[in-house]
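Colleague: Here's a structure for you.
2 protein chains.
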Amino acid sequence: MSGLRARQKADRHRRIIEAAAALFRDAGYEGAKIETIAAQAEVSVGTIYNYYQNKGDILGAIVSMEVNEVLNAGRGVVANPPANVGDALDTLLGIYIEHSLHYLSKEMWRQAMAISTQLPDSPFGQAYTALDRALTEQIRGLIARLQALGLVRRDIDGPALGELIFNNMNMMFIEFVKREEARLAELRTAIRRQNRILVAAIGV
Amino acid sequence: MSGLRARQKADRHRRIIEAAAALFRDAGYEGAKIETIAAQAEVSVGTIYNYYQNKGDILGAIVSMEVNEVLNAGRGVVANPPANVGDALDTLLGIYIEHSLHYLSKEMWRQAMAISTQLPDSPFGQAYTALDRALTEQIRGLIARLQALGLVRRDIDGPALGELIFNNMNMMFIEFVKREEARLAELRTAIRRQNRILVAAIGV
DNA sequence: CACAAAAACAGAATTGACTCAATTTTAGAA
DNA sequence: TTCTAAAATTGAGTCAATTCTGTTTTTGTG
């Protein structure tokens, strides 16, 4: 039950993702027709639907790769945070934000977010929720680390704080991708300004 | 340039919205076909598109009504807030949350949110952003009021705080409508828990 | 190697949102 | 009242995602 069939399957998966990623970039998500993706990937339309439940799930696979890279990059910061609450937060969230447009355009993000709320139970919808949770957990991990290091008060509700910080960042990021002219630097500045309130409240 | 034509126009608007609202409720947003809405409203498909740019804008009109009611209800709290920071916030956000499922189902909210990120420049996309901003401003108004009453420290960055509180609530609400089994009471409790951190930090 | 069942594929058919050219209705002037 | 331009309506047609059904390929077995 492996061998040729499995190899072909993996290969087709790869070809579909590569074709879709290229087309989403060039023509935008809406502009990329399934028929075109199929042609580019040298499979039929039906086959694409055999591999992915719908167009959104193809985008979802691409988004997942990107977010996983971001999570990876974040691990380093949590393991070895700057010795200052404000900087520690800024560094971690900075990594998230700066990595966010590497492979995905704002339009792709908008579509991905839209689909994840529209179809929360589709494979991608669930995967996206899991990614959000993983990011939240990473921020919580940082808070816990800072508490252990004696940089954040022990009596602070760490999990609630982590979620609060993530939610705020995420919402700001949503606003950011909605405005094509918004710049990454502005986004970081705005988030830093909001977090300043928290930093003042939670430091020892 | 008024009289009959204007009357018919208003009447058709009303009929379309009523038909759509009923169908969205019964069959869900996706399940409600434009053709069916048209038949129910006794207009043709083309006429619907003469009144609304797309299906999302019809939903948008309904969402706007709901959010405007919420904003109205909130005004009373801002004018006369409970004399305690935690209660004041809880009362205002409580009003938002408790009113939220009056006319709209979770599915309708999901669709509305999805459309507003997917098409931020469509009439509804812009309207939705404006509503979010109005809610943020109302929360900021409450903060300012509490500062004026001496219940919140004057050196707190009020606007940033207001946005932080709104963003967190909004993100929690998004998660809430994504999970069909989530209850309003849980949502309120979770938000209260997060806001407790802020309340402790900003009180005089 | 031959064969039957299972898995995967192909692409034509379906479906539903949205468009557009033709037709009808209204407003206002003569 | 009659006529004409502007405004609005209509519904058949277009387009692209998704589904469906028949065909082909792969696998494991005798």
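Line order of the protein sequences matches chains A and B.
Our numbering puts the first sequence at residues 929 to 1132.
Our numbering puts the second sequence at residues 929 to 1132.
For glycine and all other residues, C-beta sits at the position ideal for the given N, C-alpha and C.
Nearest CA to the CA of Asp-1060/A: which residue from Gly-1090/A, Tyr-1031/A and Leu-1074/A?
Modeller: In the first sequence, the residue the question calls residue 1060/A occupies position 132. When each option's Cα is compared against that of Asp-1060/A, the closest is Gly-1090/A.
Colleague: What three-state label does DSSP hand Val-998/B in the structure shown?
Modeller: For this step, residue 998/B is matched to residue 70 along the second sequence. Three-state result, Val-998/B: helix.
Colleague: Buried or exposed for Gln-936/A, please, with buried defined as at least 16 other CB atoms from any protein chain shown within 10 angstroms of its CB.
Modeller: What you label residue 936/A is simply residue 8 of the first sequence in a count that begins at 1. Exposed, by the Cβ-count rule.
Colleague: Using a Cβ-Cβ cutoff of less than 6 Å, which residues in the same chain neighbour Ile-1093/B once the five nearest sequence positions on both sides are dropped?
Modeller: Reading the second sequence from its first residue, position 165 is the one you call residue 1093/B. The answer, listed in chain order, is Ile-1067.
Colleague: Leaving aside the five residues before and after Ile-962/B along the sequence, list all residues of the same chain whose C-beta is less than 7 Å from its C-beta, in chain order.
Modeller: The sequence position of residue 962/B within the second sequence is 34, counting from 1. Counting only Cβ-Cβ distances below 7 Å, and skipping sequence neighbours, we find Val-973, Ile-976 and Lys-983.
Colleague: Please list the partners that Leu-1092/B has in chain A, where partner means a Cβ-to-Cβ separation under 7 Å.
Modeller: Locating residue 1092/B in the second sequence gives position 164, where the first residue counts as 1. Result: Asn-1096, Gln-1122 and Ile-1125.
Colleague: Between Ile-1043/B and Ala-989/B, which are expected to be in contact by the criterion C-beta below 8 Å, what is the C-beta distance as a whole number of angstroms?
Modeller: Position 115 of the second sequence, counted from the first residue, corresponds to residue 1043/B. Position 61 of the second sequence, counted from the first residue, corresponds to residue 989/B. The pair is not a contact, with the Cβ atoms about 12 Å apart (cut-off 8 Å).
Colleague: Which residue wins for smallest C-alpha separation from Glu-994/B, given the options Tyr-1024/B, Val-971/B and Ala-967/B?
Modeller: For this step, residue 994/B is matched to residue 66 along the second sequence. Residue Tyr-1024/B is the option with its Cα nearest to Glu-994/B.
Colleague: Please state whether the Cβ-Cβ distance between Leu-1079/B and Val-1013/B is less than 7 Å.
Modeller: Here residue 1079/B is taken as the residue at index 151 of the second sequence, counted from 1. Here residue 1013/B is taken as the residue at index 85 of the second sequence, counted from 1. If you check the CB distance, Leu-1079/B and Val-1013/B come in under 7 Å.
Colleague: Report the option in Lys-1034/A, Ile-1071/A and Asn-1123/A whose CA atom is closest to the CA atom of Ala-1007/A.
Modeller: Here residue 1007/A refers to the residue found at position 79 of the first sequence. Per the Cα distances, Ile-1071/A.
Colleague: Excluding the five sequence neighbours on either side, which residues of its own chain have a C-beta within less than 6 Å of the C-beta of Leu-1017/B, listed in chain order?
Modeller: Looking up residue 1017/B in the second sequence gives position 89. Taken in chain order, the residues that qualify are Asn-1123.
Colleague: In chain B, which residues lie with their C-beta within 8 Å of the C-beta of Gln-1039/A?
Modeller: For the purposes of this step, residue 1039/A is taken as the residue at position 111 of the first sequence. Simply Gln-1046.
Colleague: Quick one: which chain A residues come within Cβ less than 9 Å of Ile-1140/B?
Modeller: Outside the shown range of chain B, which is 929 to 1132, sits residue 1140/B, and nothing can be said about it.
Colleague: Once you ignore the five residues that flank Arg-1038/B on each side, which residues in its own chain have a CB closer than 6 Å to its CB?
Modeller: Position 110 of the second sequence, counted from the first residue, corresponds to residue 1038/B. Here the set comprises Val-1105.
Colleague: At a Cβ threshold of 7 Å, is Ala-1058/A touching chain B?
Modeller: Stepping through the first sequence from its first residue, residue 1058/A is reached at position 130. Not an interface residue.
Colleague: Taking a cut of 7 Å between CB atoms, which residues from the region 1059–1091 of chain A lie near chain B?
Modeller: Flagged, chain order: Ile-1084, Asp-1085, Ala-1088, Leu-1089 and Glu-1091.
Colleague: Tell me whether Ile-945/A sits in a helix, a strand or coil according to DSSP, three-state version.
Modeller: Position 17 of the first sequence, counted from the start, is the residue given in the question as residue 945/A. Reduced to three states, the DSSP call for Ile-945/A is helix.
Colleague: Tell me whether the beta-carbon of Met-1041/A lies closer than 7 Å to the beta-carbon of Asn-1095/B.
Modeller: The residue given as residue 1041/A occupies position 113 in the first sequence. The residue given as residue 1095/B occupies position 167 in the second sequence. Not closer than 7 Å, so no.
Colleague: Return no unless some Cβ of chain A is closer than 7 Å to the Cβ of Ala-960/B.
Modeller: One-based indexing of the second sequence puts residue 960/B at position 32. No, Ala-960/B lies away from the interface with chain A (no Cβ there is under 7 Å from its Cβ).
Colleague: Work out the CA separation of Leu-1032/A and Ser-1050/A for me, nearest whole Å.
Modeller: Taking the first residue of the first sequence as position 1, residue 1050/A is located at position 122. Taking the first residue of the first sequence as position 1, residue 1032/A is located at position 104. If I take the Cα positions, the gap works out to 21 Å.
Colleague: Report the CB separation of Leu-951/B from Ala-938/B in whole angstroms; it is logged as a contact under 8 Å.
Modeller: By 1-based counting over the second sequence, the position of residue 951/B is 23. By 1-based counting over the second sequence, the position of residue 938/B is 10. Incorrect: roughly 21 Å between the Cβ atoms, too far for contact.
Colleague: Look at the Cβ atom of Ala-948/B, then the Cβ atom of Ile-986/B, and state whether they are nearer than 7 Å.
Modeller: For the purposes of this step, residue 948/B is taken as the residue at position 20 of the second sequence. For the purposes of this step, residue 986/B is taken as the residue at position 58 of the second sequence. Annotated as proximal: Ala-948/B and Ile-986/B, with beta-carbon spacing under 7 Å.
Colleague: Does the distance from the CB of Arg-1121/B to the CB of Ala-1088/A come in under 7 Å?
Modeller: As a working note, residue 1121/B is residue 193 in the second sequence. As a working note, residue 1088/A is residue 160 in the first sequence. Yes, they are a contact pair.
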